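See structure below.
Residue numbers (this note's numbering), protein chains in the order written: chain A, 1 to 694; chain B, 695 to 995; chain C, 996 to 1183.
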């Protein structure tokens, strides 16, 4: 029996450190790393299913070509055939259009390991290409926190155990960050009170002392209502003027623009509750707010986060141990980026004299055509000079997660070649021409950081690749090698390499400093916690232009946003689509990533208030349809207390249905995200549907 | 809700017919010379054949029939172990009967000339007949104990529909009913009319008892939630009504009319009646397994 | 029997993540079915308010195990520490135990044609380790305990929950810390 260090690469708060066990080269078991203080020896059910996932008969083991998109008629081809097909297509397009812009990469968080950025490196190596910018996940919140704090940064999650009051706002850690639950329970055992704000009564809400149901998209107003009570009751931090900017203007806004009557009516929370909760929040120290990602997936999502940040600042909870407003962080991701920005080898440079690496990448960044990941199909279709002809989908399943599927269909028709690299077939691979089988994190080297806790670690291969699968970086090297074989100098991305050496190069001086390491090799021993203090902003010195917490942000103002956090109403339902559809994560999935041996559901389950079900004469198990102008979906009814009658919920479970859940989704965008991430985020929660019984 | 347990249905019903035949032969043999030797032989052969079939069928219930012998290992508390032991002992007793039947050479047709029989022969025959009766008795007792053990297997606290005297009662009534009818079929040419009448009366008694006890049993079922589920399943199942028609109402009509009109000798009627009752009992046994609802976790999955 | 080991399940802490189910499968690499351990959600109707409460159940290593009583091949034995161990080598697949257990925890493996169930990871316990499910429970809702009067006299320790068969049937070695309900301010 041998033990290996692995890291779960899923896009999840927890980014667990795993000890995997092999016997005679076969992976037999995975367990949480007991020496990792956040994983603390325990794994969630998704990771515990990994052995079955690695050896699943459904896993694709060989490169495959589909004869006719959506035909399902896949045939096995050799790697050489696959690589030749791709390389020849790239070269012929370059020749036709005199540019590599027809080549598009759509990649996101299917595997958050750093070596997966090789795909970006490959594309950079080919030349100026079409890329995605932005994030379907957290853009508005990231930008909001950047306006307020200067960057988004959260306390060490273990800090929450020290809180005397925890507000879980629009977050359901029981299902999406389960390792935080024991920390919250520790706080409860230590006497802390927990309040959960959410649109629906979740498994987390059930374990809170108090659950407050907020009308979707109005959380920002509720935060401003709380802030107004703090102001009225004089529960404002008396030192505000020493570390914040613009509090007077904010007070003025609260006094003149926010009325509790209005706040109560819009949010659905009674004035007495608002007062009671605000007083408790103002008087209890330390008090922590955890703002979830769902909160900011509205057209006003950024303002919501800014309002919540402002509430925390007003009450003086910023920088206090066990306090703060926690969202996420990206400070432990300061990798060197060498992989994305391949060095230009001197011997193949033709018309420039030894360009410096920096100027070259700078140059290429400017010429890449950047499309908002959340409106990829629409924006790609509008590209005409030159059009997008090759799409490479990596670490994503856009046909199951993106909005506006009609535009996607059009785009697919226009494309000459669609390449997907993945572990399993997906909604997206149904449309692909080529499927390249990739390795799991048990079969390749990688380097992973969390966006919630402070840990960074190395993932070492535990077993040999299954079938002919290859790691993303190996595929990138191979494509580059084939391109250079067919046309020397056509790609500056390395044509071969060593995964371990490559990942060690990602630990540049800045990262080594953050991790407190002298040499990159030291990280091979065990995961390392970044040496940040446990409490974010503990000195109340912020990264904003003013160095203060900015109630009033000129950066926001420059981005044509209100300089102050304000309430902007979310989208309203219409007569045609009167019900808001929420599609939160299910405990068994992360978006379309599911258990290998998950239950085979053939129906989406629509959770709704018993009252709403009654109004439509629907009982449990009845079949119904929900629809809007984007699409139509057949569902099975499940009435559930704890959902309001203006909202319906479908959890993102694994469902084998013809029509995917995202057929109902358009591409509404969030108010923020452009400045920091290059594109506004996905206002997924602004989806409305109609309901009828079948 | 249970499953279609074909191996168990065949094992229990065939086994009960087999033992029922022996019991009937024993009953008919209670006074010397009342049991025709030919019928004895036939009865023993048919009973043995059915018993072997039943035991074979039971093997199909097992995931690993090749190690079925292990089932004898837990006599201390497992009624299944006890059942297997008793059935094997019954089979041994049957081998003794088989051996006896092979040795019974002479047969005395009814009304044979008594003068030709010597005292020695009478004595030998008396001895034979005594052995035969003892053999039948032992086989019957072992067999009935086996059937009771079979029934006790299902007396599970977890299954309210079974956790009562019902299984034992119904299994024994099946034994009596089908044992009598099959014996009647076998002896349709060899039995005295009075014997036939006796067997028909026995069948009638068993059928009436079965129906009556079933009504009482059904009313008991509704006392528990799981029992009520079983009852609802039964009453809404077409199989149950087929069972009632074939196993209770049709046989009752036939039996009453046969006994009333002294049509005891009509072969066709006997065959029809037996067919109905066998089908009724097979369906009844299938429903016994199908309708079993155990106490279980009722929280949502 | 010198003691009775069993489980203490805290429904307040169990968030229904199914980590225990999957830890069991990870430890023994058993197929999707049978499920040695299973997480159940309590019926919402059994409480005055919405609850979203769960309990996790494997073999309860009953004080009066029906499986052991009815098994004809003595595949079940009860150890000195109360663990009811099923020996698949003895099992002949008669399925009687699956009929007898009110918790449906012994289950037939249709490929092997034998019954399987939780043996409380006795090999881990003998090594001084926790059972796989207990070791893997992230919120710390599942504990290995000794079932005795001291435990039963503690306040808040329950012998059963709504939706469970009466413990009188088999005297299961599981105890519960029942759900508490917080204050709910709802719009529905």
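Note that the Cβ used here is the ideal one computed from N, Cα and C, for glycine as well. Quick caveat: nothing in here was measured; it's all calculated off a predicted structure.
Per DSSP, which one or two residues make a beta bridge with residue i?
i: residue 163 (chain A); result: Partner(s): none; residue 163 (chain A) has no beta bridge.
i: residue 1001 (chain C); result: C:1140
i: residue 900 (chain B); result: DSSP output for residue 900 (chain B) lists no bridge partner at all.
i: residue 21 (chain A); result: A:3 and A:29
i: residue 76 (chain A); result: A:64
i: residue 198 (chain A); result: A:213
i: residue 728 (chain B); result: Beta-bridge pairing links residue 728 (chain B) to no other residue.
i: residue 616 (chain A); result: Bridge partners of residue 616 (chain A): none, in fact.
i: residue 996 (chain C); result: The partner list for residue 996 (chain C) (beta bridge, DSSP) is empty, contrary to what the question assumes.
i: residue 529 (chain A); result: A:455
i: residue 699 (chain B); result: According to DSSP, residue 699 (chain B) bridges with nothing at all.
i: residue 104 (chain A); result: A:130 and A:391
i: residue 425 (chain A); result: DSSP, once it has assigned bridges, lists no residue as partnering residue 425 (chain A).
i: residue 585 (chain A); result: A:652
For residue i, return the contacting residues in chain B, with the cut-off set at a CB-CB distance below 9 angstroms.
i: residue 1037 (chain C); result: 993 and 994
i: residue 1099 (chain C); result: 988, 990 and 991
Going by DSSP in three states, residue i sits in which element: helix, strand or coil?
i: residue 807 (chain B); result: Caution is warranted here: a pLDDT of 49 is assigned to residue 807 (chain B), below 50, making its placement in the model unreliable, and the coordinate value is therefore given only provisionally. Residue 807 (chain B) falls in the coil class under three-state DSSP.
i: residue 1033 (chain C); result: strand
i: residue 364 (chain A); result: The pLDDT assigned to residue 364 (chain A) is 48, lower than 50, so where the model puts this residue is not dependable; a value taken from the coordinates is nonetheless given after this. If DSSP states are grouped into helix, strand and coil, residue 364 (chain A) belongs with the helices.
i: residue 114 (chain A); result: helix
i: residue 406 (chain A); result: helix
i: residue 290 (chain A); result: strand
i: residue 252 (chain A); result: helix
i: residue 49 (chain A); result: coil
i: residue 130 (chain A); result: strand
i: residue 944 (chain B); result: helix
i: residue 888 (chain B); result: helix
i: residue 58 (chain A); result: coil
i: residue 1052 (chain C); result: strand
i: residue 643 (chain B); result: Outside the shown range of chain B (695 to 995) lies residue 643 (chain B), about which nothing can therefore be said.
i: residue 1069 (chain C); result: coil
i: residue 650 (chain A); result: coil
i: residue 627 (chain A); result: strand
Using the beta-carbon of each residue, which ones in chain A are nearer than 8 angstroms to residue i?
i: residue 1046 (chain C); result: 206
i: residue 1022 (chain C); result: 29
Taking residue i as the query, report the chain B residues whose CB atoms sit under 8 angstroms from its CB, ordered along the chain.
i: residue 1160 (chain C); result: 852, 989, 990 and 991
i: residue 1026 (chain C); result: Result: empty, since nearest Cβ-Cβ is about 16 angstroms, beyond 8 angstroms.
Can you list the residues of chain C that residue i reaches, using a CB-CB cut of under 8 angstroms?
i: residue 42 (chain A); result: 1014, 1130, 1131, 1132 and 1133
i: residue 268 (chain A); result: 1182
Against residue i, what residues of chain C qualify as contacts under a CB-to-CB distance less than 9 angstroms, listed in chain order?
i: residue 756 (chain B); result: 1087, 1088, 1089, 1090 and 1108
i: residue 213 (chain A); result: 1179, 1180, 1181, 1182 and 1183
Name, please, each residue of chain A whose Cβ falls closer than 7 angstroms to the Cβ of residue i.
i: residue 1007 (chain C); result: 207
Which bits of chain C does residue i rub up against, with CB to CB less than 7 angstroms?
i: residue 849 (chain B); result: Per Cβ cutoff of 7 angstroms: no residues; residue 849 (chain B) is ~10 angstroms from chain C at best.
For residue i, which residues in chain B fall below 7 angstroms Cβ to Cβ?
i: residue 1136 (chain C); result: Within 7 angstroms Cβ-Cβ: nothing; residue 1136 (chain C) doesn't reach chain B, min ~15 angstroms.
i: residue 1095 (chain C); result: 850 and 852
Check distances from the C-beta atoms of the segment 1066-1089 of chain C to those of chain B and list, in chain order, the residues that come in under 7 angstroms.
1066, 1067, 1068, 1069, 1085, 1087, 1088 and 1089
Could you name each continuous beta strand (DSSP E) segment of 3 residues or more that falls completely within the segment 1072-1096 of chain C, going from the start of the chain to the end?
1079-1081
Tell me the start and end of each unbroken alpha helix (DSSP H) in the segment 430-474 of chain A that is at least 4 residues and wholly inside, in chain order.
none
What are the residues of the segment 1104-1122 of chain C that lie near chain A, defined by any Cβ-Cβ distance shorter than 7 angstroms?
none
Residues, ordered as in the chain, of the segment 47-60 of chain A that lie near chain C by beta-carbon distance below 9 angstroms
47, 48, 49, 50, 51 and 52
For the segment 765-782 of chain B, which residues have a beta carbon sitting closer than 8 angstroms to at least one beta carbon of chain E?
In the displayed structure, chain E is absent; the protein chains listed are A, B and C.
Which residues, in order along the segment 1159-1183 of chain C, keep a beta-carbon less than 7 angstroms from a beta-carbon of chain A?
1177, 1178, 1179, 1180, 1181, 1182 and 1183
Just by C-beta distance, which residues in the segment 570-594 of chain A are closer than 8 angstroms to chain C?
587 and 588
Interfacial residues, the segment 625-646 of chain A to chain C, with Cβ spacing under 7 angstroms
641, 642, 643, 644 and 645
Any C-beta of chain B within less than 7 angstroms: which residues of the segment 1053-1066 of chain C qualify?
1061, 1064, 1065 and 1066
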